[in-house]
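Peer 1:
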Amino acid sequence: GAVVSQHPSWVICKSGTSVKIECRSLDFQATTMFWYRQFPKQSLMLMATSNEGSKATYEQGVEKDKFLINHASLTLSTLTVTSAHPEDSSFYICSAGGQGRGIYEQYFGPGTRLTVT
Amino acid sequence: AQSVTQLGSHVSVSEGALVLLRCNYSSSVPPYLFWYVQYPNQGLQLLLKYTTGATLVKGINGFEAEFKKSETSFHLTKPSAHMSDAAEYFCAVSSTGNQFYFGTGTSLTVIP
């Protein structure tokens with residue numbers, strides 16, 4: 002099956018610093034990757050959709066200058082949280098789109114727990 | 126526009142009892158429907174999906190779901206709950222298989 006990894010799995014950073022989270026599709030080429038944010042006990046909120054080689058499409062209300070997304074290759078997308086603040090603390094999950102049995106499926110990474118102190 | 130409603134944010138069942146997690150969707154086009162399970166501090170694992178064809182879909186770990194177009198529902202069931210089934214369950218809908226819309230999730234507790 003399709004495997005998506007995320008690195009790091011958890012990170013603690015100080016307020017004002019930037020943090021980069023990597024999302025990799027290990028055994029398939031992902032033309033599209035998605036970034037979600039999940040608050041405790043809540044559902045996943047789509048933040049942005051990134052297509053390889055082009056600018057990401059952000060959902061309404063998501064600050065594109067704060068959450069920088071780069072999809073430089075068919076196997077790697079990165080999310081950089083710039084000038085992080087405690088309210089950015091959350092669980093960030095990426096997913097990668099690939100062809101699966103005739104329909105376009107998403108394969109989810111294990112998530113990254115970000116804590117900003 | 127698409128959306129998903131999961132009735133019951135918390136469901137408790139006894140071990141060995143029937144599990145029923147409810148999901149209703151709205152979609153202006155034929156939907157793709159998914160159920161995912163999430164264990165604490167982990168990502169989402171696909172349980173099962175409906176695309177086309179047979180409306181009763183069987184997934185992993187003994188789960189199944191039935192697509193009922195007339196009721197716009199895709200409820201998840203399992204005949205006999207196991208302790209390891211305790212987790213958060215999310216229903217999702219997509220029209221293109223690209224952009225997913227998730228429900229708010231149902232936390233399943235299994236009582237020994």
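Line by line, the protein sequences give chains V and R. 2 is the number of the first residue of the first sequence in the working numbering; add one for each residue after it. 126 is the number of the first residue of the second sequence in the working numbering; add one for each residue after it. Ideal Cβ positions, reconstructed from N, Cα and C, are used throughout, including at glycine. It should be emphasised that the depicted structure is a prediction, and the values quoted were computed from it without experimental measurement.
Taking only beta-carbon atoms, is F109 of chain V less than 7 angstroms away from chain R?
Peer 2: By this cut-off, F109 of chain V is an interface position.
Peer 1: Residues bridged to C14 of chain V by DSSP?
Peer 2: V:V117.
Peer 1: Give me the Cα-Cα distance between S55 of chain V and I70 of chain V, rounded to the nearest whole angstrom.
Peer 2: Whole-angstrom Cα-Cα distance: 10 angstroms.
Peer 1: T231 of chain R and Y214 of chain R: beta carbons closer than 7 angstroms?
Peer 2: Contact: yes.
Peer 1: If we ignore side chains and look at the alpha-carbon of each, how far apart do R25 of chain V and H135 of chain R end up?
Peer 2: Their Cα atoms are separated by approximately 33 angstroms.
Peer 1: Helix, strand or coil, according to DSSP, for K174 of chain R in the structure here?
Peer 2: Strand at K174 of chain R.
Peer 1: In chain order, which continuous runs of the alpha helix (DSSP H) of length 4 or greater are located wholly inside the segment 3-78 of chain V?
Peer 2: Listed in chain order, there is nothing to give.
Peer 1: With DSSP collapsed to three states, give me the class of G98 of chain V.
Peer 2: Note: G98 of chain V maps to strand in three-state DSSP.
Peer 1: Rounded C-beta distance between C148 of chain R and L233 of chain R? I'm assuming under 8 angstroms.
Peer 2: So it is not a contact: roughly 13 angstroms between Cβ atoms.
Peer 1: Using a beta-carbon distance below 7 angstroms, is G112 of chain V in contact with chain R?
Peer 2: Yes - at least one Cβ of chain R is within 7 angstroms of the one on G112 of chain V.
Peer 1: For S195 of chain R, which three-state DSSP category applies?
Peer 2: Here S195 of chain R sits in helix by DSSP.
Peer 1: Using a 10 Å radius around the Cβ and a threshold of 16 neighbouring Cβ atoms, would you call S84 of chain V buried or exposed?
Peer 2: By the neighbour-count rule (16 or more Cβ atoms within 10 Å), S84 of chain V is not buried but exposed.
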